[in-house]
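Some notes on the structure that comes next.
Protein chains: 2
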Amino acid sequence: MIAFSVLLFPGFETLDAVGPVDIIGHLPQFYEIHFYSPGGGLVKSAHGVEVLTESLAAYQPGGVLLVPGGLATRQLVVDPLFLQQLKKTGQKSMYLLGVCTGSVLLAAAGFLNNKKATSNKNAFAWAQQIAPQVKWQKKARWVKEKQIYTSSGVTAGMDMTLGFLADLHGMAQAEAIARAIEYIWHADKDDDPFALEEN
Amino acid sequence: MIAFSVLLFPGFETLDAVGPVDIIGHLPQFYEIHFYSPGGGLVKSAHGVEVLTESLAAYQPGGVLLVPGGLATRQLVVDPLFLQQLKKTGQKSMYLLGVCTGSVLLAAAGFLNNKKATSNKNAFAWAQQIAPQVKWQKKARWVKEKQIYTSSGVTAGMDMTLGFLADLHGMAQAEAIARAIEYIWHADKDDDPFALEEN
Numbered sequence: 011m012i013a014f015s016v017l018l019f020p021g022f023e024t025l026d027a028v029g030p031v032d033i034i035g036h037l038p039q040f041y042e043i044h045f046y047s048p049g050g051g052l053v054k055s056a057h058g059v060e061v062l063t064e065s066l067a068a069y070q071p072g073g074v075l076l077v078p079g080g081l082a083t084r085q086l087v088v089d090p091l092f093l094q095q096l097k098k099t100g101q102k103s104m105y106l107l108g109v110c111t112g113s114v115l116l117a118a119a120g121f122l123n124n125k126k127a128t129s130n131k132n133a134f135a136w137a138q139q140i141a142p143q144v145k146w147q148k149k150a151r152w153v154k155e156k157q158i159y160t161s162s163g164v165t166a167g168m169d170m171t172l173g174f175l176a177d178l179h180g181m182a183q184a185e186a187i188a189r190a191i192e193y194i195w196h197a198d199k200d201d202d203p204f205a206l207e208e209n
Numbered sequence: 011m012i013a014f015s016v017l018l019f020p021g022f023e024t025l026d027a028v029g030p031v032d033i034i035g036h037l038p039q040f041y042e043i044h045f046y047s048p049g050g051g052l053v054k055s056a057h058g059v060e061v062l063t064e065s066l067a068a069y070q071p072g073g074v075l076l077v078p079g080g081l082a083t084r085q086l087v088v089d090p091l092f093l094q095q096l097k098k099t100g101q102k103s104m105y106l107l108g109v110c111t112g113s114v115l116l117a118a119a120g121f122l123n124n125k126k127a128t129s130n131k132n133a134f135a136w137a138q139q140i141a142p143q144v145k146w147q148k149k150a151r152w153v154k155e156k157q158i159y160t161s162s163g164v165t166a167g168m169d170m171t172l173g174f175l176a177d178l179h180g181m182a183q184a185e186a187i188a189r190a191i192e193y194i195w196h197a198d199k200d201d202d203p204f205a206l207e208e209n
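Sequences listed follow chains H and D, in order. Residues in the first sequence are numbered from 11 upward in steps of one, following our numbering. Residues in the second sequence are numbered from 11 upward in steps of one, following our numbering.
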């Protein structure tokens, strides 16, 4: 079993975390889903969803770590303790997935230096300012850079997660899940309807 | 403030509930989001997300009630106590939203007699068998029947929720939220890419 772990923090964007989880949850034969937060316990999303988490102290290494975004990231990128915990956790993981401004957290923790990445186009100027060392892609539904995936805003995380599964398990598997959840999958990572301009 | 209430039960399909919540959560000036379950406390989704709920005894009447689906509905449609609780709760609500097989729960509780509705196309034969008194629509991303909205599978619930907001607050508001979450909104409720056949 591969651990699919989601790192939550107060004020996370609900769908950034839970959209991908629903998709991954369709492969229980491969993935075991965990929710973590630095201290464990209930963590409330930006929209009032209170989700139970385990403490990062119990983190299962070697799996997939997904980091959601949300307005709360504005504080977290200047929180050295959180960034250190994220860095340690990410280093124990095989794949990193950053959704929306979760990719800016990955950048601030040092995972995206001189690498291509993307983020929500509504927060793009901020991402560039916080992490100028990243090759931010202005036109990308999501970006794959070796073991690190980053997506555009919120629902792009679902498209990316299906793309991640397609890379690991084949297109047929990803398409079958999209059909099961009747999702009109935007499967071309380079076609970005919300692009600011060409790269 | 309008109460936007989601009725959870063990094994609910995660995204049926949480996709719409993220969307509604973008209008905190109008909607206050609540999660309920018959007994209150933590309720675990089909994909292991444990969400804190209030007891239905504390239900705030006069708002919107959303009912998600999931494989767990197979037991709930033959659970008279649950259906009675759903009926009482629905009768106190101004709008009813059924996502995926959540619409079959609304049907089993008696809200859809001789009314048009839809559900996940993968579960359609079952829906027809459980509730033959409903005018099930084989081709519909979602259906609006006065104060009752029902959607096709899982992610169709997000399209429906944006449609619901468009009906109440105008297209511009719904489109602004879709842009904020970079969602490629399938805004035509009658165009169903997963339709079994014409109605």
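We treat Cβ as the ideally placed atom computed from N, Cα and C, and that holds for glycine. Just so it is clear, the structure is predicted and the values come from calculations on it, not from any experiment.
Beta-bridge annotation (DSSP): S65/H is paired with S47/H. Residue-level contact by beta carbon fails for L17/H and chain D, as no gap is shorter than 9 Å. Only T24, L25, V28, G29, V31, D32, G35 from the segment 24–36 of chain D bring a Cβ to less than 7 Å from some Cβ of chain H. Residue pairing from DSSP places L17/H in a beta bridge opposite Y46/H. The DSSP assignment places 90–101, 112–118, 134–140 as complete runs of the alpha helix (DSSP H) inside the segment 85–173 of chain H, in order along the chain (cut-off: 4 residues). Contact of A119/D with chain H by beta-carbon distance below 8 Å is absent, the smallest such distance being about 23 Å. Taken in chain order, the members of the segment 121–135 of chain D whose beta-carbon sits within less than 9 Å of a beta-carbon on chain H are N130, K131, N132.
Counted as a single uninterrupted DSSP element, the alpha helix (DSSP H) harbouring L25/D occupies residues 24–34.
DSSP places I12/H within a strand segment (E or B) once states are collapsed to three.
E185/H carries a helical assignment under DSSP once its states are collapsed to helix, strand and coil. Residue-level contact by beta carbon holds for F204/D and chain H, with a gap shorter than 9 Å. Beta bridge pairing from DSSP links K199/D with no other residue. By the Cβ rule, the segment 177–185 of chain H does not count as touching the segment 35–46 of chain D, because fewer than three pairs are nearer than 8 Å. The alpha carbon of D200/D has as its nearest neighbour, out of K126/D, L178/D, D26/D, I187/D, the alpha carbon of K126/D. For E60/D, the beta-bridge partners assigned by DSSP are K54/D. The CB of T165/D comes closer than 7 Å to the CB of I191, E192, Y193 in chain H, given here in chain order. Going by DSSP, L76/H is part of the beta strand (DSSP E) stretching over 74–77. Between E208/D and L62/H, the beta carbon gap of about 45 Å keeps them out of contact (Cβ cut-off 8 Å).
The criterion of a C-beta distance shorter than 9 Å is not satisfied by I194/H and I191/D. Counting only Cβ-Cβ distances below 8 Å, A56/H has contacts in chain D at G35, in chain order.
A residue is called buried when at least 16 other Cβ atoms come within 10 angstroms of its Cβ; P142/D does not meet this threshold and is exposed. As the crow flies, the alpha-carbon of K148/D is around 19 Å from that of M168/D.
D32/H is positioned such that its CB atom lies no closer than 9 Å to that of C110/H. Using beta-carbon distances, S47/D does not count as an interface residue toward chain H, since no partner is under 9 Å.
Look at the beta carbons and you see the segment 87–95 of chain H not touching the segment 63–82 of chain D: under three pairs across the two are nearer than 8 Å. Nearest to F174/D by alpha-carbon distance, out of G108/D, A82/D, A56/D, is G108/D.
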